[in-house]
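Residue numbers 1 to 235, in the UniProt record's numbering, belong to the letters of the sequence shown in order.
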Amino acid sequence: MITTDLHPADEEGGQEFRSRTSETYARIHGDVVSGKLKPGVKLKIEQLREEYDVGATPVREALSFLAADGLVVREDQKGFRVAEVSADEFEDLLAVRCMIEERALRLAISRGGRKWEEGVVLARFRLSGVGRIEGNEVEWERHHRAFHMSLLAACGSSLLLRLSKQFYDENNRYRHLSRLNHATTRDVRNEHEEIAEAVLARDADRAVGLLVEHYTKTGNLLRIALKDLATDGHG
Numbered sequence: 001m002i003t004t005d006l007h008p009a010d011e012e013g014g015q016e017f018r019s020r021t022s023e024t025y026a027r028i029h030g031d032v033v034s035g036k037l038k039p040g041v042k043l044k045i046e047q048l049r050e051e052y053d054v055g056a057t058p059v060r061e062a063l064s065f066l067a068a069d070g071l072v073v074r075e076d077q078k079g080f081r082v083a084e085v086s087a088d089e090f091e092d093l094l095a096v097r098c099m100i101e102e103r104a105l106r107l108a109i110s111r112g113g114r115k116w117e118e119g120v121v122l123a124r125f126r127l128s129g130v131g132r133i134e135g136n137e138v139e140w141e142r143h144h145r146a147f148h149m150s151l152l153a154a155c156g157s158s159l160l161l162r163l164s165k166q167f168y169d170e171n172n173r174y175r176h177l178s179r180l181n182h183a184t185t186r187d188v189r190n191e192h193e194e195i196a197e198a199v200l201a202r203d204a205d206r207a208v209g210l211l212v213e214h215y216t217k218t219g220n221l222l223r224i225a226l227k228d229l230a231t232d233g234h235g
């Protein structure tokens, strides 16, 4: 994350600094994605420093990385604020995410070897063993993200993988803000199973079709939820 070159005598201190920055980044990132830090809220360095019990410099570094991720906006001479959300932005996000992941998945299916297949099988197994129930959201989300990223892992493009992770997090933010985690009777587990089976069978067209359908179903629910939020004055 941090690429500053260090003299040997400074290496230990530099590693500690990077660790603090990475930890701060992860905590703020989680609070933005979960909706704890609301869209549009101003991110004051002093308040964040106290909240996360860390120095001002790691906070600034973390916010800079989050700005690069699109979750935080840097305002000229005004500091940082949490990025806003909107129905139009979500539509754009969904369309671009589907395009990016279609390309990445086709490449992964054509290039992936046995190790990649084993990674998909393991990620599917771990996800299927975690119930999506209230109080278990963090563990489920961790395995859910790992499953989706395992599908694309062999695409051979670090850029496609980075964009896929970024778009996953942005979409997840909308899902949390729309309170969608437990608001659907869909058989999401079966959708994941079908996607994995098509991927492991190397049926690229079917796998892509199922993945896009999976995202589109979530998107349809999110559209309704976003309209409700806007009506209630929260969106």
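Glycine residues also receive a C-beta, built at the ideal position from the N, C-alpha and C atoms.
Since we're looking at a predicted model, the values are computed, not measured.
Please list, in chain order, all residues of the same chain as A9 whose beta carbon is under 8 Å from its beta carbon, the five residues on each side excluded.
With a pLDDT of only 40 at A9, under the threshold of 50, the placement of this residue in the model should not be trusted; the figure read from the coordinates follows. Around A9: no qualifying Cβ.
Where do the ends of the beta strand (DSSP E) carrying V82 lie?
Start and end: 79-82.
Rounding to the nearest angstrom, what Cα-Cα distance links A214 and E191 in this structure?
In the sequence as presented, Ala is not what sits at residue 214; that position holds His. About 7 Å.
Taking the C-alpha atoms as reference points, what is the distance between R223 and L177?
Going by the C-alpha atoms only, they are around 12 Å apart.
For a quick check, are the C-beta atoms of residue 236 and W116 less than 8 Å apart?
The shown model of the chain, from 1 to 235, leaves out residue 236, and the question about it has no answer.
Check whether the Cβ atoms of R74 and A67 sit closer than 8 Å, and answer yes or no.
Yes.
Excluding the 5 residues flanking K71 on each side, which residues of the same chain have their C-beta closer than 6 Å to its C-beta?
One detail in the question is off: residue 71 reads as Leu in this sequence, not Lys. Answer for L71: V32, A83, listed in chain order.
Alpha carbon to alpha carbon, what distance is there between V85 and V208?
Rounded to whole angstroms, V208 to V85 spans 27 Å at the Cα level.
Would you give the residue range spanned by the alpha helix (DSSP H) that L199 belongs to?
Per the sequence presented here, residue 199 reads as Val, with Leu not at that position. Element bounds for V199: 188-200.
Please list the segments of the alpha helix (DSSP H) lying wholly inside the UniProt domain "HTH gntR-type" (18-85), counting only runs of 4 or more residues, in order along the chain.
Those alpha helix (DSSP H) runs which fall completely within the UniProt domain "HTH gntR-type" (18-85) and span 4+ residues are 45-52, 56-69.
Use the C-beta contact count for E101: other C-beta atoms within 10 angstroms, 16 or more gives buried, fewer gives exposed.
With 16 or more other Cβ atoms within 10 Å, it is buried.
For a test of the three-state rule: what should DSSP assign to A154, helix, strand or coil?
Residue state, collapsed to three classes: coil.
Tell me where the alpha helix (DSSP H) around G119 begins and ends.
Per DSSP, G119 belongs to the alpha helix (DSSP H) from 114-128.
In three-state terms, what does DSSP make of D88?
Note: D88 maps to helix in three-state DSSP.
Determine the closest residue to S150 out of D228, Y168, N172, with distance taken between C-alpha atoms.
Of D228, Y168, N172, the residue nearest in Cα terms is Y168.
Can you tell me whether DSSP reads G209 as helix, strand or coil?
G209: helix per DSSP, three-state reduction.
Assuming the contact rule is C-beta atoms closer than 8 Å, N220 and L93 should be a hit. Round their C-beta distance to whole Å, please.
Not a contact, Cβ separation roughly 14 Å.
Starting from the Cα of L200, find the closest Cα among S110, A26, C98 and give me that residue.
Here the closest residue by C-alpha is S110.
Enumerate in chain order the residues of its own chain whose CB-to-CB distance from R126 is below 8 Å, with the five nearest sequence positions on each side excluded.
Within the same chain, R126 has close Cβ partners H143, A146, F147.
Is D203 helix, strand or coil by DSSP?
Reduced to three states, the DSSP call for D203 is coil.
Taking the alpha carbon of Y174 as the point to measure from, which residue in A104, D88, L63 has its own alpha carbon closest?
Nearest option by C-alpha distance: D88.
May I ask you to report which of helix, strand or coil DSSP gives T4?
Any answer about T4 is weak, because its pLDDT of 39 lies below 50 and its placement is not dependable; what the coordinates show is given next. Note: T4 maps to coil in three-state DSSP.
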